[in-house]
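Per my numbering, the very first residue in the sequence shown carries number 381; after that it's consecutive.
Glycine residues also receive a C-beta, built at the ideal position from the N, C-alpha and C atoms.
Small disclaimer: the values here were computed from a predicted structure and weren't measured.
Structure, as C-alpha cells:
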Amino acid sequence: MAGGPGARPGAGGPPGRRPDPREFAAVAGRLRSEPVLSRSADGARAAAGGISAEVAGIGGRAFGRGGREPMSEALPRILCVDDEPQVLEGLRLNLRRRFAVLTAEGGEKGLETLRTESPVWVVISDMRMPGMDGAQFLAKVREAAPDTVRILLTGHADLDAAIAAVNEGQIFRFLTKPCPLPQLMGVLDAACRQYQLVTAERELLEKTLQGSVSALSEVLALARPAAYGRASRIRQRAAALCERLGVTERWPIEMAALLGPLGSVALPEETLEKLYRGDPLDENERQMAARSAQYAEKVLANIPRLEPVREILRLKDRPYAAQDGLAQGEALPLGARVLRLLDDLDVLESQGSTPAQALDIVQGRVGMYDPRLVAAQAQLTQRSRTEYQVRELTLDGLREGMIIASDVRSTRDALIIARGNEVTASLLLRLRNLPRGMVREPIRVMLRTGT
Numbered sequence: 381m382a383g384g385p386g387a388r389p390g391a392g393g394p395p396g397r398r399p400d401p402r403e404f405a406a407v408a409g410r411l412r413s414e415p416v417l418s419r420s421a422d423g424a425r426a427a428a429g430g431i432s433a434e435v436a437g438i439g440g441r442a443f444g445r446g447g448r449e450p451m452s453e454a455l456p457r458i459l460c461v462d463d464e465p466q467v468l469e470g471l472r473l474n475l476r477r478r479f480a481v482l483t484a485e486g487g488e489k490g491l492e493t494l495r496t497e498s499p500v501w502v503v504i505s506d507m508r509m510p511g512m513d514g515a516q517f518l519a520k521v522r523e524a525a526p527d528t529v530r531i532l533l534t535g536h537a538d539l540d541a542a543i544a545a546v547n548e549g550q551i552f553r554f555l556t557k558p559c560p561l562p563q564l565m566g567v568l569d570a571a572c573r574q575y576q577l578v579t580a581e582r583e584l585l586e587k588t589l590q591g592s593v594s595a596l597s598e599v600l601a602l603a604r605p606a607a608y609g610r611a612s613r614i615r616q617r618a619a620a621l622c623e624r625l626g627v628t629e630r631w632p633i634e635m636a637a638l639l640g641p642l643g644s645v646a647l648p649e650e651t652l653e654k655l656y657r658g659d660p661l662d663e664n665e666r667q668m669a670a671r672s673a674q675y676a677e678k679v680l681a682n683i684p685r686l687e688p689v690r691e692i693l694r695l696k697d698r699p700y701a702a703q704d705g706l707a708q709g710e711a712l713p714l715g716a717r718v719l720r721l722l723d724d725l726d727v728l729e730s731q732g733s734t735p736a737q738a739l740d741i742v743q744g745r746v747g748m749y750d751p752r753l754v755a756a757q758a759q760l761t762q763r764s765r766t767e768y769q770v771r772e773l774t775l776d777g778l779r780e781g782m783i784i785a786s787d788v789r790s791t792r793d794a795l796i797i798a799r800g801n802e803v804t805a806s807l808l809l810r811l812r813n814l815p816r817g818m819v820r821e822p823i824r825v826m827l828r829t830g831t
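Okay, structure coming up:
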C-alpha cells in the first residue's frame with residue numbers, strides 16, 4: 381500500500397518510511413483504542429454495534445493456515461489484502477472477534493488464497509499496491525468468485541479510480557481513509573448481508589431449476605419410456621466420463637443428456653425406435669425428427685440458466701474435426717463432444733454390439749470424436765466389466781436405485797421400460813399399477829459387484 385499523509389492509521393514518522401518493528405505494538409494498541417480506518421464514500425453512518433448476531437452465526441469453516449489461529453465455523457469469512465503486513469495484522473486483531481479473517485500480501489497472493497480457502501464472503505483490498513492495484517485485483521476476484529462481495533479501501537487521491545470501479549460493477553463499496561472502525565464494521569455487516577442475499581437467491585433458483593428438470597424428466601419417462609431410458613443411460617455415462625476427466629462443472633452436460641430427448645414426445649413410437657437403432661429414416665421421418673429437436677429447443681428456452689445446455693444440444697451432432705470453417709475441435713463445448721460420442725455408442729449397442737465392440741467401431745471413425753474422450757471411455761468400459769453384475773429379479777424384487785439392464789416388456793411385447801432407466805419411486809408405482817401378469821418376468825437389473 382503506498383504511503384501518504386493520513387494513508388496509514390496509526391503509522392508514525394515521515395511519509396514513505398516503514399514503521400520500525402518496535403513500533404508495531406503501539407500501532408496495534410492505538411488501532412484497538414482509537415480505531416480509524418476509513419469513512420464510507422456514500423456518507424452513510426453505520427451503527428457502532430458491529431456485526432449482527434444473525435450474520436455472525438452463519439457460514440465459514442474452521443481452518444488454520446500460515447500461522448493463523450483457527451477460525452470459528454460460526455463466523456463469516458473475509459479476506460483482507462494489502463502489501464504491508466503491519467496493516468493486515470492490525471485489521472486481523474480488530475476484526476477477529478466478529479469474522480474469520482484471512483490475510484494476503486498483494487493481489488497475486490490474494491487470488492491464491494481465494495482459490496484455496498473458498499468460500500470467502502467479503503474481500504477488502506487496498507487500492508495502492510505494487511504490481512496489481514486494488515481495482516485490478518477486485519476485477520479478477522469478480523471473475524473467480526462472483527458471489528464474493530468486494531470492498532475497496534482508498535485514499536482521497538484515488539477517488540476517481542474508485543468511482544470508476546464502482547460504476548463498472550467491480551465493487552460493492554469503496555471506503556476512504558481515515559475512518560472509524562465502527563464505520564468499517566457497518567460496511568462489512570452490509571457486505572455480509574449482500575453475500576447472504578446473493579447466495580440465497582442463487583440457491584432458490586437452482587432448486588427451482590432442479591425441480592423443473594425433474595418434472596420434465598418424469599413426464600418424459602411416462603410418455604416416452606424408450607427416450608427416457610436412453611437419456612438415463614447417456615446421462616449416467618456422461619457423469620462417469622466427466623468424473624474420469626476431472627470435470628467439475630458437469631451439470632450442463634448431464635442436463636443436456638437428460639433433456640435432449642424432450643422433442644421425442646412429438647414423434648411416433650416407430651419413428652423414435654428407428655432413430656435410436658440408427659435405422660434409415662424416410663424424408664417425412666427426417667423432417668419430423670428435425671422438428672422434434674426444434675420443439676425441445678423451444679421448451680428449454682423458457683427455463684432460465686439453461687443457455688449452456690441449449691448450446692450443447694445445438695452443437696452435439698458436429699464432428700470433432702469438421703472442415704466447414706465453423707466450430708470444431710476444442711472450440712466445441714465439452715458437453716457437445718461428450719454427447720456426440722455417447723449418443724453414437726448407444727446406437728451401436730442398440731444394434732447389437734457389445735460396449736467393447738461399439739468402442740472399437742468409434743475408434744475407427746477418425747476425426748468424428750475427441751480422441752481424449754474416446755481414450756477415457758475405453759478405460760471406463762474396461763472397468764465396468766468387473767464393477768457390475770446382472771441379476772434377474774421378479775417385479776416384487778425391484779428396488780429404487782437399481783438400473784434396468786434389458787428392456788422391460790409386456791407379455792404382448794410392448795415396451796414398458798427401456799434399458800438404462802434407473803428405478804425410481806414413480807417408475808415402481810407405474811409398474812405395480814399394471815394388471816397382474818402383464819409384465820414379462822424376470823426383469824434383468826444391473827447391480828454393483830458385492831451388492
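Each residue's CA atom was taken as its position, placing D750 and P815 some 47 Å apart. In this model, D704 and E710 are separated by some 15 Å (Cα to Cα). Residue state for D569 is assigned as helix, using DSSP reduced to three classes. Minimum Cα-Cα distance from S612 among the listed residues R630, M635 and Q590 corresponds to M635. Excluding sequence positions up to five before and after R457, its CB lies within less than 6 Å of the CB of G440, A480, V500 and W501, all in the same chain and listed in chain order. Exclusion of the five residues before and after D724 leaves V742 as the residues of its chain whose Cβ lies within less than 7 Å of its Cβ. Closest in C-alpha terms to L555, from the list C572, D506 and A484, comes D506. In the structure shown, S505 falls within a strand segment according to DSSP collapsed to helix, strand and coil.
Here V803 is not near L775, since their CB atoms are 7 Å or more apart. In the DSSP annotation of this structure, the continuous segment of the beta strand (DSSP E) that includes T556 starts and ends at R553 to T556. Assigned with DSSP and collapsed to three states, S672 falls in helix.
For V521, no beta strand (DSSP E) segment is defined; the enclosing uninterrupted segment is the alpha helix (DSSP H) at G514 to A524. Residue environment analysis places A798 among the buried positions, since at least 16 neighbouring C-beta atoms fall within 10 angstroms of its C-beta. Of the residues R573, Q616, L600 and R671, the one whose Cα lies closest to the Cα of L719 is Q616.
Following the DSSP letters along the chain, one finds E710 in no beta strand (DSSP E), marked with neither H nor E. In terms of Cβ geometry, I614 and L722 form a close pair [threshold 7 Å]. When beta bridges are read from the DSSP output, T483 appears opposite C460.
Looking only at Y700, R478 and E497, the smallest Cα-Cα distance to A525 is reached by E497.
For Q757, the number of other beta carbons within 10 angstroms of its own is at least 16, and it is reported as buried. Per the C-alpha coordinates, the member of L455, M509, R495 and R478 positioned closest to P465 is M509.
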